[in-house]
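Residue numbers (the working numbering): 867 to 1176. Each residue gets a CB set at the ideal place from its N, CA and C atoms; glycine is no exception. Here the structure is a predicted model, which is why all the values come from computation and not from measurement.
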Ligand SMILES: O=c1ccn([C@@H]2O[C@H](COP(=O)(O)O)[C@@H](O)[C@H]2O)c(=O)[nH]1
């Protein structure tokens, strides 16, 4: 089974297109976890990050298809943080969730091969595709976010590994940040740069489609640009879309529904801070607060699921 088929099946099984972003931040961890940090060492924080993310995974595993660990927050802690990232990916996979590692990696082709080999391919996915799970990557992610700016030959090594290990990638096409257009909206002949990237994505997918017409090369398109989201849904009919920017960055349900296909699949909508730090949101703080932060995570996830359904 391919990555695209797996993620669409996970959407059908859970009835949800919510992707929970795992972006642990020291200052925003719930008090019960911060209180256990005795020596302020990266090791102590990394243990807290593992506990925080694994508890979130346990709370949401039956109501969402996927999680997206943000590598930056783990890297920020140095080697101990990288151990934590590995533990979190492993726990999510064991919990039956699809794992999209947000690392925004890429380099010249020969180095891109190393990134692809490192991150792409979980034992679960490879076994589900009838392969040997011993061929899984050390990080064991189902998918990875990838920068397109080194060109087609830098993306092809990722595509090769996707083919071999039933994995996926999400290429940055139109990012959610306010300044993304500085480069992405530059005119490039008759079109804009982000449109050229979308064309590249589609050209890489066309020979690799599953029965529903989806390929392993997905695209990142921000919830904060609803018009371009609609345009890019049409321009990349074979790509699963990863849509960040919901909640904390201002994207709302009405902005992102256009990312879904007619069957209500084909895209996942990410929220990180809005879910994982829900205990501090005004709607949830009084009822749950720091002491019941896990209940706040569950409530915020259910709320997002409901918003995206209605
Ligand atoms: O265009 C992009 C690409 C990636 N991201 C990442 O998604 C999450 C968003 O977090 P929120 O707390 O929900 O704002 C974060 O990891 C970003 O690095 C993005 O926001 N936009």
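Leaving out five residues before and five after residue 990 in sequence, what residues of the same chain have Cβ atoms less than 7 Å from its Cβ? Taking the first residue of the chain shown as position 1, residue 990 is located at position 124. Counting only Cβ-Cβ distances below 7 Å, and skipping sequence neighbours, we find 959.
With DSSP as the reference, label residue 833 as helix, strand or coil. Only positions 867 to 1176 of the chain appear in the structure, and residue 833 is not among them; the question remains open.
Check whether the stretch 952 to 970 touches the stretch 922 to 941, counting contact only when three or more Cβ pairs, one atom from each stretch, lie closer than 8 Å. yes
Indicate, with yes or no, if ligand 1 has a heavy atom lying under 8 Å from the CB of residue 927. Walking along the chain shown from the start, residue 927 turns up at place 61. No, since every heavy atom of ligand 1 falls outside the 8 Å radius drawn around the Cβ of residue 927.
Of the choices 1078, 1119 and 1167, whose alpha-carbon is the least far from that of residue 1127? For this step, residue 1127 is matched to residue 261 along the chain shown. The candidate whose alpha carbon is nearest that of residue 1127 is 1078.
Does the beta carbon of residue 1110 fall short of 8 Å from some heavy atom of ligand 1? Against the chain shown, residue 1110 aligns to sequence position 244. Yes, ligand 1 has a heavy atom inside 8 Å of this Cβ.
Distance check for residue 1053 and residue 1062, CA to CA, integer angstroms please. By one-based count along the chain shown, residue 1062 stands at place 196. By one-based count along the chain shown, residue 1053 stands at place 187. Computed Cα separation, rounded: 10 Å.
Does any heavy atom of ligand 1 sit closer than 8 Å to the C-beta of residue 1114? For this step, residue 1114 is matched to residue 248 along the chain shown. Yes - ligand 1 has a heavy atom lying nearer than 8 Å to the Cβ of residue 1114.
For residue 1071 and residue 1106, the rounded distance between their alpha carbons: Reading the chain shown from its first residue, position 240 is the one you call residue 1106. Reading the chain shown from its first residue, position 205 is the one you call residue 1071. Each residue's Cα considered, the two are about 11 Å apart.
Between which residues of its own chain and residue 1023 is the CB-CB distance below 7 Å, once the five residues before and five after are set aside? Against the chain shown, residue 1023 aligns to sequence position 157. The residues are 975, 978, 979 and 982.
Please confirm whether residue 949 and residue 1136 have their CB atoms less than 9 Å apart. Along the chain shown, read from residue 1 onward, the residue named residue 949 stands at position 83. Along the chain shown, read from residue 1 onward, the residue named residue 1136 stands at position 270. Not a contact, by the Cβ cut-off of 9 Å.
Which residue from 1080, 998 and 1125 puts its Cα closest to that of residue 1100? Taking the chain shown and counting its residues from 1, one reaches residue 1100 at position 234. That would be 1125, whose Cα lies nearest to the Cα of residue 1100.
Taking C-beta to C-beta, are residue 914 and residue 988 nearer than 9 Å? Along the chain shown, one-based indexing puts residue 914 at 48. Along the chain shown, one-based indexing puts residue 988 at 122. For residue 914 and residue 988, no; Cβs fall outside 9 Å.
So is the beta-carbon of residue 934 under 8 Å away from any non-hydrogen atom of ligand 1? As a first step, residue 934 is located in the chain shown; it is residue number 68 there, counting from the start. Residue 934: yes, Cβ under 8 Å from ligand 1.
Cβ atoms of residue 1089 and residue 1051: under 9 Å apart, would you say? Within the chain shown, residue 1051 is the residue found at index 185, counting from 1. Within the chain shown, residue 1089 is the residue found at index 223, counting from 1. Contact flag unset, no.
Less than 9 Å separating the beta-carbons of residue 918 and residue 1142? As a working note, residue 918 is residue 52 in the chain shown. As a working note, residue 1142 is residue 276 in the chain shown. Yes, the pair counts as a contact, with Cβ atoms nearer than the cut-off.
Helix, strand or coil at residue 818 [DSSP, three-state]: This structure cannot speak to residue 818, because the chain is shown only from 867 to 1176.
What are the residues that DSSP puts in a beta bridge with residue 891? As a position in the chain shown, residue 891 is number 25, starting the count at 1. Bridge partners of residue 891: none, in fact.
May I ask which residues mark the beginning and end of the alpha helix (DSSP H) holding residue 968? The sequence position of residue 968 within the chain shown is 102, counting from 1. Unbroken run through residue 968 is the beta strand (DSSP E), 964 to 971; no alpha helix (DSSP H).
Restricting to runs no shorter than 4 residues, where is the alpha helix (DSSP H) found entirely within the stretch 1092 to 1119? 1092 to 1101
Can you tell me whether residue 902 is buried or exposed, with buried defined as 16 or more other CB within 10 angstroms of its CB? If you number the chain shown from 1, residue 902 lands on position 36. By the neighbour-count rule (16 or more Cβ atoms within 10 Å), residue 902 is not buried but exposed.
What are the boundary residues of the alpha helix (DSSP H) that includes residue 975? Working through the chain shown from its first residue, we reach residue 975 at position 109. Note, residue 975: alpha helix (DSSP H), 975 to 985.
Enumerate, from N- to C-terminal direction, the unbroken beta strand (DSSP E) stretches of 3 or more residues contained entirely within the stretch 992 to 1062. 1009 to 1012 and 1034 to 1040
Below 8 Å on the Cβ atoms is my guess for residue 1075 versus residue 1081; work out the distance and round it to an integer in Å. If you number the chain shown from 1, residue 1075 lands on position 209. If you number the chain shown from 1, residue 1081 lands on position 215. Their Cβ separation, rounded to whole angstroms, is 5 Å, which keeps residue 1075 and residue 1081 in contact under 8 Å.
If contacts are defined as beta-carbon pairs under 8 Å, then residue 1094 and residue 925 qualify, I think. What distance do you get, rounded to the angstrom? By 1-based counting over the chain shown, the position of residue 1094 is 228. By 1-based counting over the chain shown, the position of residue 925 is 59. Rounded, the Cβ-Cβ distance is 33 Å, inconsistent with contact.
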